[in-house]
Amino acid sequence: MAKETNPPARSLDPAGLEVLHHALASVAEEMGAVLTRTALSPNIKDRRDCSTAIYTAGGRLVAQAEHIPLHLGLMPTVVRAVLAEYPPGTLEPGDAIMINDPYISGSHLPDICLISPVFHGDTMLGLVANLAHHVDVGGAVPGSMSTVATEIFQEGIRIPPVKIRRRGKVNTELLKLLAHNLRTAREFYGDIQAQLSANDRGIARMLELAGRYGTPLLRRYMEELMAYTHRRLLSVLEVIPRGTFSCEDFLEGDGLAEDPVNIRASITRHDRGLTVDFTGTHAQVRGPVNATRGVTLACVYFVVKSVLDPDLPSNDGLTRSLEVITPSGSLVNPIFPAPVAHANINTAQRIADVLLGAFARVAPERVTAAGTGSMSNFTVGGMDPATGKYYSYVETCGGGQGAKCDRDGLDGVHVHMTNTRNTPVEVIEQSYPLRVDRYGLARDSAGAGKQRGGLGLIREITVLRGEATVSVSTERTRIPPWGLCGGLPGQRAFAGISPPANRKPEDNREGEKIGNTTPVSSPGKFTCRVSP
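Numbering (the working numbering), first residue to last: 7 to 538.
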């Protein structure tokens, strides 16, 4: 990759720096607004399972929207991988590069990233990027989220860095090839066009800033903004004592076996910053819960910012004094072709829990207890006999937030590495052959204590027409979320199919889970409760 030539960073007008910081963040936010308003699938349009950000010409993060921590933390890995394949000298105005390969980009296959260069005249000012979760990218099951995959080839189609648009002309033949392998081609076409439009809006707004400031001054401000974040990070690190502190927690299995899978992290505070070492974590597993290094890095960045200073600007300066050790071939840095689909859903949340648990050893007032231990993903897919077309409904279900030492946890929210909305009931019932029978808080599910944890959620859905495949990925069904400062653990989660008429869903045996390829014939009901 061509080395980025940076103008010297030096102290600039603080007020002007703050104005530019928010201007850049506003560009990313507007990109997100365009993406969600123009997307076709409810997963992006309504759930907002997408993220946007801005980078220097060398691939360093400058600003991002307040979207999904997991996406945002691993997108710099994606951008660097793309620049290794397409150095700045090979990029032209109007280009757009597509990628989803986890072993290049970091995320799972449904997350397709589009990256576009920003040219002001002949100068490449930077890059804009967005990442969105598509409802199907092929593979063994609808939604491309098999819980029993043993290699990545079973999870969907892999896309290396490729120019989907060259000098403004879309590669329609490539899109046709990709769509031919998907169950939901119509949504794919619509969502890709929305992603292209989002980047185009970001380019236009960046050019407006370049016109206002001039390219040299704008680049200097971007450099100073990253340097400012780094200085603030070093300052707030002083609240953490020197030394090493560790934590270990477990996944309840890998989707194929129910043997516990440990995640261990040791955090060392030293004069240069922080070293986070995952040595001692379980080796990569056969099932699809292996987390790429990009996913692991995203978890580290999220927890460090959350614990030290949530108001730190999110940019490359946050990462400059962090060293992250992820042993090759481990659960947190697997070797190809290990499956990875559910690492985003389960493993990322457990990594965050482990890191928070380590910080709790030295700064318990700055962390929360463990909350909902999974993004609790479920997909329902099949062919609707009324239309003769395939559908794929993708959802992640929030739960309870862990309490802090001085406040209760929030009820029914997403925590840690995700920040999506839920799909409105009306949208579900209008878009799919499904009926939502119940959606609400799970009573008495919170961890008890002086400050109680948040309540989990319970959702019941009935398949109305045809046969569907239901895939569920959740956690904390046997190992409950841990308490903090003397608080008790939260309740455990469950998921089940069609409980008997004389048994309420909340009476299902705790720890009960349904498998990946469970067929549900209409009218068939499935239930999911998220811990705590």
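C-beta atoms are modelled at their ideal positions from N, C-alpha and C, and glycine is treated no differently.
Since the structure is predicted, the reported quantities are computational estimates derived from the model, not experimental observations.
1) From residue 56 to residue 139, what does the alpha carbon distance come to, in whole angstroms?
2) Pick helix, strand or coil for residue 485, following the three-state DSSP scheme.
3) Residue 455 lies in the alpha helix (DSSP H); which residues open and close that run?
4) Could you tell me whether the region 285 to 293 touches the region 208 to 219, using the rule of 3 or more Cβ pairs below 8 Å?
5) Can you tell me the Cα-Cα spacing of residue 440 and residue 368, whole angstroms?
6) Which class does residue 138 belong to by DSSP, given the choice of helix, strand or coil?
7) Determine the direct distance from the alpha carbon of residue 397 to that of residue 47, and round the result to whole angstroms.
8) Around the Cβ of residue 407, are there at least 16 other Cβ atoms within 10 angstroms (buried) or fewer (exposed)?
9) Between residue 25 and the rest of its own chain, which residues show a CB-CB distance below 7 Å, the 5 nearest in sequence each way excluded?
10) What residues match up with residue 256 in a beta bridge as DSSP calls it?
11) Can you say whether residue 393 is buried or exposed, counting buried as having 16 or more other CB atoms within 10 angstroms of its CB?
12) Considering only the alpha carbon of each residue, which of 31, 265, 118 lies closest to residue 181?
13) Of all the alpha helix (DSSP H) runs that stay within the bounds of the region 48 to 82, which reach a length of 4 or more residues?
14) Considering only the beta carbon of each residue, do residue 170 and residue 104 sit closer than 7 Å?
15) Assuming the contact rule is C-beta atoms closer than 8 Å, residue 115 and residue 162 should be a hit. Round their C-beta distance to whole Å, please.
16) Roughly how many angstroms separate the alpha carbons of residue 308 and residue 466, rounded to a whole number?
17) Within 10 angstroms of the Cβ of residue 434, are there 16 or more other Cβ atoms? Answer buried if so, exposed if not.
18) Drop a sphere of 10 angstroms on the beta-carbon of residue 436, count the other beta-carbons inside from all chains shown, and report buried for 16 or more, exposed for fewer.
19) Looking at the strands, I want to know which residues DSSP matches up with residue 349.
20) One question on the structure: do residue 469 and residue 501 come within less than 7 Å of each other, judged by their Cβ atoms?
21) Go ahead and pull the three-state DSSP assignment for residue 413.
22) Among 81, 151, 321, 32, which residue has its Cα nearest to the Cα of residue 237?
23) Can you give, in chain order, each stretch of the alpha helix (DSSP H) that sits fully within the region 278 to 323 and has at least 4 residues?
24) Using only alpha-carbon positions, find the residue among 370, 452, 305, 482 that is nearest to residue 494.
25) Beta strand (DSSP E) containing residue 399: first to last residue?
26) Going by DSSP, what residue range makes up the alpha helix (DSSP H) through residue 192?
27) Provide the residue span of the beta strand (DSSP E) that contains residue 171, from first to last.
28) Name the DSSP bridge partner or partners of residue 104?
29) Express the C-alpha separation of residue 31 and residue 231 in angstroms, rounding to a whole number.
30) Which class does residue 40 belong to by DSSP, given the choice of helix, strand or coil?
31) Following the continuous alpha helix (DSSP H) through residue 363, name the residue where it begins and the one where it ends.
32) DSSP state of residue 130, grouped into three classes?
33) In terms of residues, what are the limits of the beta strand (DSSP E) holding residue 447?
34) State the start and end residues of the unbroken alpha helix (DSSP H) segment that holds residue 180.
35) Is the beta carbon of residue 257 less than 7 Å from the beta carbon of residue 356?
36) In whole angstroms, give me the CA-to-CA distance for residue 184 and residue 39.
In this structure, then:
1) Taking the first residue of the sequence shown as position 1, residue 56 is located at position 50. Taking the first residue of the sequence shown as position 1, residue 139 is located at position 133. Near 6 Å, if we compare the C-alpha coordinates of residue 139 and residue 56.
2) On the sequence shown, residue 485 is found 479 positions in, with the first residue counted as 1. Residue 485: coil per DSSP, three-state reduction.
3) Within the sequence shown, numbered from 1, the residue matching residue 455 stands at position 449. Where residue 455 is concerned, there is no enclosing alpha helix (DSSP H), given that its DSSP letter is neither H nor E.
4) Taking a contact to require three or more Cβ pairs closer than 8 Å, the region 285 to 293 and the region 208 to 219 do not qualify as touching.
5) Within the sequence shown, residue 440 is the residue found at index 434, counting from 1. Within the sequence shown, residue 368 is the residue found at index 362, counting from 1. Cα to Cα, residue 440 sits roughly 48 Å from residue 368.
6) By 1-based counting over the sequence shown, the position of residue 138 is 132. Strand, per DSSP.
7) As a first step, residue 47 must be located in the sequence shown, where it is residue number 41. As a first step, residue 397 must be located in the sequence shown, where it is residue number 391. Each residue's Cα considered, the two are about 10 Å apart.
8) Reading the sequence shown from its first residue, position 401 is the one you call residue 407. Under this definition residue 407 is a buried residue.
9) The sequence position of residue 25 within the sequence shown is 19, counting from 1. Correct list: empty, nothing qualifies.
10) Translated into positions along the sequence shown, residue 256 becomes position 250. Beta-bridge pairing links residue 256 to 268.
11) If you number the sequence shown from 1, residue 393 lands on position 387. Around the CB of residue 393, fewer than 16 other CB atoms lie within 10 Å, so the residue is classed as exposed.
12) Start at 1 with the first residue of the sequence shown, and residue 181 comes out as number 175. Residue 118 is the option with its Cα nearest to residue 181.
13) Counting only runs of 4 or more, we get 48 to 51.
14) Counted from its first residue, the sequence shown places residue 170 at position 164. Counted from its first residue, the sequence shown places residue 104 at position 98. Going by C-beta atoms, residue 170 is nearer than 7 Å to residue 104.
15) In the sequence shown, the residue the question calls residue 115 occupies position 109. In the sequence shown, the residue the question calls residue 162 occupies position 156. Their Cβ separation, rounded to whole angstroms, is 4 Å, which keeps residue 115 and residue 162 in contact under 8 Å.
16) Taking the sequence shown and counting its residues from 1, the one referred to as residue 308 is at position 302. Taking the sequence shown and counting its residues from 1, the one referred to as residue 466 is at position 460. Roughly 32 Å between the two C-alpha positions.
17) Position 428 of the sequence shown holds residue 434. Burial call: buried.
18) Translated into positions along the sequence shown, residue 436 becomes position 430. By the 10 Å Cβ count, residue 436 comes out exposed.
19) Start at 1 with the first residue of the sequence shown, and residue 349 comes out as number 343. Note: residue 349 sits in no beta bridge, so no partner.
20) Reading the sequence shown from its first residue, position 463 is the one you call residue 469. Reading the sequence shown from its first residue, position 495 is the one you call residue 501. No, Cβ-Cβ distance for residue 469 and residue 501 is not below 7 Å.
21) One-based indexing of the sequence shown puts residue 413 at position 407. Residue 413 falls in the strand class under three-state DSSP.
22) On the sequence shown, position 231 is the one that residue 237 refers to. Nearest C-alpha to residue 237: 321.
23) 299 to 314
24) In the sequence shown, residue 494 corresponds to position 488, counting from 1. The residue with the shortest Cα to Cα distance from residue 494 is 452.
25) Translated into the one-based positions of the sequence shown, residue 399 becomes position 393. Here the beta strand (DSSP E) through residue 399 covers 395 to 402.
26) Locating residue 192 in the sequence shown gives position 186, where the first residue counts as 1. 191 to 219 is the extent of the alpha helix (DSSP H) around residue 192.
27) Here the question's residue 171 lines up with position 165 in the sequence shown. Residues 168 to 172.
28) The sequence position of residue 104 within the sequence shown is 98, counting from 1. Paired residue(s): 120, 168.
29) The residue labelled residue 231 in the question sits at position 225 within the sequence shown. The residue labelled residue 31 in the question sits at position 25 within the sequence shown. For residue 231 and residue 31, the distance between alpha carbons rounds to 12 Å.
30) The sequence position of residue 40 within the sequence shown is 34, counting from 1. Here residue 40 sits in helix by DSSP.
31) Here residue 363 refers to the residue found at position 357 of the sequence shown. Per DSSP, residue 363 belongs to the alpha helix (DSSP H) from 354 to 366.
32) Taking the first residue of the sequence shown as 1, we reach residue 130 at position 124. Three-state DSSP puts residue 130 in a strand.
33) Your numbering for residue 447 matches position 441 in the sequence shown. Per DSSP, residue 447 belongs to the beta strand (DSSP E) from 440 to 447.
34) Counting from 1 along the sequence shown, the entry for residue 180 is found at position 174. 178 to 185 is the span of the alpha helix (DSSP H), which, as asked, contains residue 180.
35) Position 251 of the sequence shown, counted from the first residue, corresponds to residue 257. Position 350 of the sequence shown, counted from the first residue, corresponds to residue 356. Yes; because the gap between Cβ atoms is below 7 Å, this pair is in contact.
36) Indexing the sequence shown from 1 puts residue 184 at position 178. Indexing the sequence shown from 1 puts residue 39 at position 33. C-alpha separation (whole angstroms): 26 Å.
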